[in-house]
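Notes follow the structure.
There are 2 protein chains.
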Amino acid sequence: MSNSLIISNINRHIDLTQDETAFFISLLDSKTIAKREYLLNRGAICRYDSFITKGCVKVCYTDEKGNECILKFGPEDWWVIDIDSFLNIKPSFYYIQAVEDTEVLRLSRSNYDLLYKAIPKFQKFSNERWQTGFIALQQRIMQNLSLTAEERYYQFKNKYPGLEQRISQKLIASYLGITPEFLSKLRKKWATSFS
Amino acid sequence: MSNSLIISNINRHIDLTQDETAFFISLLDSKTIAKREYLLNRGAICRYDSFITKGCVKVCYTDEKGNECILKFGPEDWWVIDIDSFLNIKPSFYYIQAVEDTEVLRLSRSNYDLLYKAIPKFQKFSNERWQTGFIALQQRIMQNLSLTAEERYYQFKNKYPGLEQRISQKLIASYLGITPEFLSKLRKKWATSFS
DNA sequence: CGTCTATTTGAATGTACTCAAAAGCGGTGG
DNA sequence: CCACCGCTTTTGAGTACATTCAAATAGACG
Chain A
28 MSNSLIISNI NRHIDLTQDE TAFFISLLDS KTIAKREYLL NRGAICRYDS FITKGCVKVC
88 YTDEKGNECI LKFGPEDWWV IDIDSFLNIK PSFYYIQAVE DTEVLRLSRS NYDLLYKAIP
148 KFQKFSNERW QTGFIALQQR IMQNLSLTAE ERYYQFKNKY PGLEQRISQK LIASYLGITP
208 EFLSKLRKKW ATSFS
Chain B
28 MSNSLIISNI NRHIDLTQDE TAFFISLLDS KTIAKREYLL NRGAICRYDS FITKGCVKVC
88 YTDEKGNECI LKFGPEDWWV IDIDSFLNIK PSFYYIQAVE DTEVLRLSRS NYDLLYKAIP
148 KFQKFSNERW QTGFIALQQR IMQNLSLTAE ERYYQFKNKY PGLEQRISQK LIASYLGITP
208 EFLSKLRKKW ATSFS
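Chains as they are written, first to last, in our numbering: chain A, 28 to 222; chain B, 28 to 222.
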């Protein structure tokens, strides 16, 4: 059934009884968003913690030069949120937009509070999630400091297996911090070097 | 007295009674490390959460090309730790080295556990600290994606006010992800553009 | 089918690096 | 206290990585 993905995601961190699982599931609401629709508009309050069950979203902002920069992708089995906006109930700096037709399971802020109160061990899940996220961000900073665009592309493929075949080159370029033209030239170079 | 800095650091997040403050202080031990000495060696277990009261340290790693990359600085009023090593008791990927004669207050892993058990509201401090850190890392990723070295230098000055006058240019370059030669040339350019 | 966006390609440019050499500076030992 | 050593900083020339702009082509979608 459609909840197995999120349950196994949680189970990688904590063990839940059947009742707890059922309670958790009862707190979720599901939503379908079409490609190009927004899960979160820039400047809105992020009211949900969203788990992607199908499709893919991008978490982005627009820099001073007008370029769209992609902070992360959210394909299946990923959580997406603007944590600053969600926890501190302030306007989001990021926006979250579907890059494919997408299905999400969402936990509202009030159900989030309910959940952590009712099942304290979710705190462990949350801590591990933020800790893992923190470490991943550190790694990405290191990659941006040390690696060339070509090397960062391989890190991207490693982090999001198969995603490079699903989304446009322009989006990958925005994630890597390079121009789509340059990524096109890199790909051409790779193609010709194997002929 | 020498503990006022760490107390005001904590007080920015949670209110402690006098007894709680005294208990917290009793769990700390202080340490002096000379310039160039290590607070944490690469590959060792990070056994302390360290608060800098004087001086400055750098949190670094060495990349595949042999360059030292600086993930963050720890001047006065900053906490430094390899969180992955500390919490999961595994060999650290980073090393932490003094760039000035430095004084730290340290909380061992066992006292850390004691503290959080005895004064649960420290959990709030911890959560806010990681949340703030997470947001700061996101911002640094964005800066690396969107900004030139010159612009990143201004962000660095903003994040660590006055530090650029205390540490070597080489260290700043390692933090910015550029070569010291290039930073030297940027500085020359700035100097001449105001003459 | 037409429109809009993404991709490719090329030429010119800018940003940042490498390598090498010289100059500056700080610490240490005699 | 000075001379020397090692490390940092400066400077220059040549190069590599990545961008900009523009135009042509290809794809996607209504």
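From the three backbone atoms N, C-alpha and C, an ideal C-beta is built for every residue, glycine too.
All values reported here derive from a predicted model rather than from experimental measurement.
Separation of residue j from residue i, as counted between CA atoms
i      : j      : result
A/F78  : A/Y180 : 25 Å
A/S195 : A/L210 : 11 Å
B/A225 : B/N185 : The question about residue 225 of chain B has no answer, for chain B in this structure spans 28 to 222.
B/D104 : B/C83  : 10 Å
B/N30  : A/N36  : 43 Å
B/L172 : B/E47  : 43 Å
B/S222 : A/E64  : The predicted position of B/S222 is uncertain, since its pLDDT is 48 and thus under 50; no value can be drawn from it.
A/P188 : A/L198 : 15 Å
B/T206 : A/K148 : 46 Å
A/I108 : A/K117 : 13 Å
A/S119 : A/Y202 : 19 Å
A/Y122 : A/I168 : 21 Å
A/Q166 : B/Q150 : 25 Å
A/I34  : A/T59  : 19 Å
A/C87  : A/C96  : 6 Å
CB contact check: residue i to chain A, cutoff 8 Å
i      : result
B/L210 : no
B/N228 : Absent from the model: residue 228 of chain B. The displayed extent of chain B is 28 to 222, so no value can be given.
B/F152 : no
B/Q158 : yes
B/Q192 : no
B/D90  : yes
B/Q45  : no
B/C96  : yes
B/R167 : yes
B/S195 : no
Contact with chain B by residue i, beta-carbon distance below 8 Å
i      : result
A/D140 : no
A/S222 : With a pLDDT of only 48 at A/S222, under 50, the local geometry of the prediction cannot be trusted, and the value read off the model is given with reservation. Chain B contact via Cβ: absent.
A/P118 : no
A/S77  : no
A/R69  : no
A/N36  : no
A/S29  : no
A/F149 : no
A/G204 : yes
A/T175 : no
A/D56  : no
The alpha helix (DSSP H) enclosing residue i, as first and last residue numbers
i      : result
B/K81  : It is not in any alpha helix (DSSP H) - B/K81 instead sits in the beta strand (DSSP E) that spans Y75 to K81.
A/T206 : Counting along the chain, A/T206 falls outside any alpha helix (DSSP H), and DSSP gives it neither H nor E.
Element boundaries [beta strand (DSSP E), containing residue i]
i     : result
A/L67 : Y65 to L67
B/I41 : Careful: B/I41 lies outside any beta strand (DSSP E) and carries neither H nor E.
A/S57 : L55 to I60
| request: For the stretch 96-150 of chain B, list the alpha helix (DSSP H) runs that are entirely contained and at least 4 residues long, ordered along the chain. | output: 110-115 and 136-145
| Which whole runs of the alpha helix (DSSP H) in the stretch 151-194 of chain B are 4 residues long or more, in chain order? | 176-186
| query | Any chance the stretch 198-218 of chain B sits against the stretch 104-117 of chain B, with 3 or more Cβ pairs inside 8 Å? | reply | no
| With a cut-off of 8 Å, do at least 3 Cβ pairs link the stretch 117-133 of chain B to the stretch 65-76 of chain B? | yes
| said: Within 8 Å, do at least three Cβ pairs link the stretch 141-157 of chain B to the stretch 93-101 of chain A? | reply: no
| task | Evaluate the contact criterion for the stretch 136-146 of chain B versus the stretch 159-170 of chain B: three or more CB pairs, one atom per stretch, below 8 Å. | result | no
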